[in-house]
Amino acid sequence: MCLGILLLVAPFPAQSEESISQTGLAIVVHADTEADDVSMAELRNIFLANKQFWPDRSRIILLVRAPESDERDYVLNTIYQMNEDSFRKYWIAKMFRAEVPRGPKIVFSSDMTLDLVVAIPGSISFMRADQVTEGVKVLRVDGKLPSDEGYPLK
Amino acid sequence: MKKPVIFKALVALALQNNYMKNCVIAGIALISCVLLALPQVVIAQSYEEVVSSSMESPEYTVMGFGDISYVSRDGSDQDGFFIGQAVGHLVASLTSRFGVFAEVSATGKDSEYTFEVERLIAKYEFSDLFKLSAGRYHTPIGYWNSAFHHGAWLQTTTSRPEMVKFGSKLLPIHFVGVLMEGNLTSSRLGLSYSAGFGNGRHVNIARAGDAGDINGDKAWMVQVQAAPDRFYGLNAGLGFYSDEISPDDRPDIKESTFSAFVAYTKESPEIIIEYMHSSHENLTDSSVSGDTNAWYAQFAYRLKDNLSDWKPYVRYENTDVDDTDPLLFDQGLDYDAGILGVRWDFNPYAALKAEYRAEEFDNNGRENNFRLQLSFVLAKL
Numbered sequence: 269m270c271l272g273i274l275l276l277v278a279p280f281p282a283q284s285e286e287s288i289s290q291t292g293l294a295i296v297v298h299a300d301t302e303a304d305d306v307s308m309a310e311l312r313n314i315f316l317a318n319k320q321f322w323p324d325r326s327r328i329i330l331l332v333r334a335p336e337s338d339e340r341d342y343v344l345n346t347i348y349q350m351n352e353d354s355f356r357k358y359w360i361a362k363m364f365r366a367e368v369p370r371g372p373k374i375v376f377s378s379d380m381t382l383d384l385v386v387a388i389p390g391s392i393s394f395m396r397a398d399q400v401t402e403g404v405k406v407l408r409v410d411g412k413l414p415s416d417e418g419y420p421l422k
Numbered sequence: 011m012k013k014p015v016i017f018k019a020l021v022a023l024a025l026q027n028n029y030m031k032n033c034v035i036a037g038i039a040l041i042s043c044v045l046l047a048l049p050q051v052v053i054a055q056s057y058e059e060v061v062s063s064s065m066e067s068p069e070y071t072v073m074g075f076g077d078i079s080y081v082s083r084d085g086s087d088q089d090g091f092f093i094g095q096a097v098g099h100l101v102a103s104l105t106s107r108f109g110v111f112a113e114v115s116a117t118g119k120d121s122e123y124t125f126e127v128e129r130l131i132a133k134y135e136f137s138d139l140f141k142l143s144a145g146r147y148h149t150p151i152g153y154w155n156s157a158f159h160h161g162a163w164l165q166t167t168t169s170r171p172e173m174v175k176f177g178s179k180l181l182p183i184h185f186v187g188v189l190m191e192g193n194l195t196s197s198r199l200g201l202s203y204s205a206g207f208g209n210g211r212h213v214n215i216a217r218a219g220d221a222g223d224i225n226g227d228k229a230w231m232v233q234v235q236a237a238p239d240r241f242y243g244l245n246a247g248l249g250f251y252s253d254e255i256s257p258d259d260r261p262d263i264k265e266s267t268f269s270a271f272v273a274y275t276k277e278s279p280e281i282i283i284e285y286m287h288s289s290h291e292n293l294t295d296s297s298v299s300g301d302t303n304a305w306y307a308q309f310a311y312r313l314k315d316n317l318s319d320w321k322p323y324v325r326y327e328n329t330d331v332d333d334t335d336p337l338l339f340d341q342g343l344d345y346d347a348g349i350l351g352v353r354w355d356f357n358p359y360a361a362l363k364a365e366y367r368a369e370e371f372d373n374n375g376r377e378n379n380f381r382l383q384l385s386f387v388l389a390k391l
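Going line by line, the protein sequences match chains E and B.
All letters in the first sequence, in the order written, are residues 269 to 422 by our numbering.
All letters in the second sequence, in the order written, are residues 11 to 391 by our numbering.
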């Protein structure tokens, strides 16, 4: 019974945040993308759609997890530094200013993220590092992979 | 303290006098209307939809903005509700590089609605550094004019600053022509530029030359902005605009406008400061010239934790036109205003703003007024 109570009151979000903090959040791109390493500032510019093209001039397709996922919360906190309302307003304003032709594509699971990044040239997204499988490329951020000490998304 | 307690306290305070009571009733009516009317925003993108819309197939996004206000003025018997603007916006992504943006508005006037194509832009994006477009724009001068457009919900306050208000004679709010723009995304300063060339003002200087330039001299403009990586949220810019104007009631005039701005938009705080200096010279008599200076400073702060839906704000505005300015001297544009208000984001897609304004106009003297505005966006995101 004590175990049951403990499980009920356990802070689930905090646990999953810990989990991302432990495994790291991998930045995954389509395998043919001509980029291996981005700085944190470049990554923010990509996620803010200030940078919309890869070095080979193909368009960057941003895939973002739907609300109420730990991965999305982590990205909003660390990369965007926004809450849900600010994030929504940011993209509405961006489209309204004619600065982007569309908002980010919404994905609902890590499996969907993987499938779409494999299928869509130029795509970029994020997922827990321990859920990455073959078929996508993991970008180094500030020269580091999720398994490295000092990886910035950990 | 929780939100409902604060809200109840504000309502109780407001009900102590009849004037405020009317405003509160108007506000409650407006909120009720929008809560009933707001559509349920549903995100529904299947795997196939995402893949197909990410490829070369066309994709369309439609958005709408609107605002409804209740305005009460000192000594005026025309207090009442005003439909601000109903704005429709279409983004058509026709290929991965080519798209069309359109913005149309319906504005309530005394006895009719006026419809306007506010922006119509066809844009081809070669790279981050080089994007080329043609059409009708909000002139990229300063910050506000190209940041908030006709979306009252996007801006913190109920209205644009006087220097960039729609229909202003101070600045050319719209221009028709071509625009080149781009970002130097690799620079730590986050530099970007825009450079435009097109029709200048119409003979009615409050309007753009929609059906061709009225004289042989085209308008041109350039603006450079910086958004440094190190100060995320900060944006600063400098711009210049030049044109020869042929107003219907005076000689041709050379117009040169310099603008500068700093904006920090992370909301806690939000700071926007914008300045413009415009020189006008009579082209038939160069000894007749004059300057106009205009600026505003806006400060807002989104409160934290349980009060994060609330955002108090203040703004000061000033416009000063030289008596010798050959274009604007008799337009009654001198202006001075202090604005104090609060924005309540009671819904992710709608906001209620309450604003007190103390304004001094060139011709009409001082005026105090109170505005209650409901603004909303219809968007799927």
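The beta-carbon is built from N, C-alpha and C at its ideal position, and this holds for glycine as well.
Can you tell me which residues form a DSSP beta bridge with residue i?
i: Ser-204(B); result: Glu-191(B) and Gln-233(B)
i: Asp-301(B); result: Ser-289(B)
i: Arg-367(B); result: Ile-349(B) and Asn-379(B)
i: Arg-327(E); result: Phe-321(E)
i: Met-173(B); result: Note: Met-173(B) sits in no beta bridge, so no partner.
i: Thr-71(B); result: Val-101(B)
i: Pro-322(B); result: Val-352(B)
i: Glu-280(B); result: Thr-275(B) and Ala-310(B)
i: Gln-95(B); result: Thr-117(B)
i: Leu-311(E); result: In the DSSP output, where bridge partners are listed per residue, Leu-311(E) has none listed.
i: Gly-90(B); result: Val-81(B)
i: Asp-295(B); result: DSSP lists no partner for Asp-295(B).
i: Ala-216(B); result: DSSP, once it has assigned bridges, lists no residue as partnering Ala-216(B).
i: Thr-124(B); result: Thr-117(B)
i: Glu-327(B); result: Tyr-306(B) and Ala-347(B)
i: Gly-109(B); result: Ser-103(B) and Lys-133(B)
i: Asp-305(E); result: Arg-408(E)
Would residue i and residue j qualify as a contact pair, given that the criterion is a beta-carbon distance under 8 Å?
i: Ser-307(E); j: Asp-416(E); result: no
i: Leu-293(E); j: Arg-396(E); result: yes
i: Leu-362(B); j: Phe-356(B); result: yes
i: Phe-339(B); j: Gly-300(B); result: yes
i: Ala-229(B); j: Gly-210(B); result: yes
i: Thr-329(B); j: Tyr-345(B); result: yes
i: Leu-388(B); j: Trp-359(E); result: no
i: Lys-414(E); j: Thr-291(E); result: Before going further, note that residue 414(E) is Pro rather than Lys in the sequence given. Yes, these two residues count as a Cβ contact at 8 Å.
i: Ser-297(B); j: Asp-77(B); result: no
i: Glu-377(B); j: Glu-369(B); result: yes
i: Met-231(B); j: Thr-149(B); result: yes
i: Gly-206(B); j: Gly-187(B); result: yes
i: Arg-325(B); j: Thr-167(B); result: yes
i: Val-297(E); j: Val-385(E); result: yes
i: Ser-79(B); j: Leu-382(B); result: yes
i: Leu-421(E); j: Thr-401(E); result: no
i: Ser-269(B); j: Gly-243(B); result: no
i: Phe-111(B); j: Ile-131(B); result: yes
i: Leu-194(B); j: Ser-202(B); result: yes
i: Glu-327(B); j: Ala-347(B); result: yes
i: Leu-337(B); j: Pro-257(B); result: yes
i: Leu-331(E); j: Pro-372(E); result: yes
i: Ala-304(B); j: Leu-180(B); result: yes
i: Leu-100(B); j: Ala-361(E); result: no
i: Glu-113(B); j: His-184(B); result: no
i: Arg-83(B); j: Asn-379(B); result: yes
i: Ser-121(B); j: Val-97(B); result: no
i: Ala-162(B); j: Phe-92(B); result: no
Say yes only if the C-beta of residue i is nearer than 7 Å to one or more non-hydrogen atoms of the ligand NAP, and no if none qualify.
i: Lys-141(B); result: No copy of the ligand NAP appears in this structure; indeed no ligand is present at all.
contact_flag[the region 316 to 329 of chain B, the region 290 to 299 of chain B] where n(CB pairs < 8 Å) is 3 or more: Between the region 316 to 329 of chain B and the region 290 to 299 of chain B there are fewer than three C-beta pairs closer than 8 Å, too few to call the two in contact.
Interface positions of the region 336 to 364 of chain E facing chain B (Cβ-Cβ less than 8 Å), listed along the chain: Within the region 336 to 364 of chain E, the qualifying residues are Gln-349, Asn-351, Glu-352, Asp-353, Ser-354, Arg-356, Lys-357, Trp-359, Ile-360, Ala-361, Met-363 and Phe-364.
Interface residues of the region 397 to 422 of chain E facing chain B [CB-CB below 9 Å]: Here the close residues number zero.
Three or more C-beta pairs below 8 Å linking the region 299 to 319 of chain E and the region 330 to 348 of chain E: Segment contact: the region 299 to 319 of chain E against the region 330 to 348 of chain E, three or more CB-CB distances shorter than 8 Å; contact assigned.
3 or more residues per run - each beta strand (DSSP E) lying fully within the region 230 to 274 of chain B: Every beta strand (DSSP E) stretch that sits fully inside the region 230 to 274 of chain B and reaches 3 residues is listed by chain position as 244 to 255.
Touch test, the region 312 to 332 of chain E against the region 352 to 372 of chain E, Cβ-Cβ under 8 Å, three pairs minimum: Between the region 312 to 332 of chain E and the region 352 to 372 of chain E, the count of C-beta pairs closer than 8 Å reaches three or more; the two stretches touch.
Length-filtered (3 minimum) beta strand (DSSP E) runs lying within the region 331 to 375 of chain E: Look at the region 331 to 375 of chain E and you find these whole runs of beta strand (DSSP E), each 3 residues long or longer: 373 to 375.
Three CB pairs or more closer than 8 Å across the region 150 to 164 of chain B and the region 277 to 286 of chain B: Short answer: they touch.
Contact list for the region 305 to 325 of chain E against chain B, Cβ threshold 8 Å: If the cut-off is 8 Å between Cβ atoms, the region 305 to 325 of chain E has Ala-309, Glu-310, Arg-312, Asn-313, Asn-318, Lys-319, Gln-320, Phe-321 and Arg-325 near chain B.
Proximal residues, the region 174 to 196 of chain B versus chain E, C-beta separation under 7 Å: The residues in question are Asn-193 and Thr-195.
Within 8 Å of chain E by C-beta, residues of the region 257 to 279 of chain B in sequence order: Taking 8 Å as the Cβ-Cβ cut-off against chain E, the residues of the region 257 to 279 of chain B that qualify are Lys-276 and Glu-277.
3-residue-minimum beta strand (DSSP E) runs that sit fully inside the region 370 to 419 of chain E, ordered along the chain: Those beta strand (DSSP E) runs which fall completely within the region 370 to 419 of chain E and span 3+ residues are 373 to 375, 391 to 396 and 404 to 406.
Contact list for the region 219 to 250 of chain B against chain E, Cβ threshold 9 Å: Of all residues in the region 219 to 250 of chain B, those with a C-beta nearer than 9 Å to a C-beta of chain E are Ala-237, Asp-239, Arg-240, Tyr-242 and Gly-243, reading in chain order.
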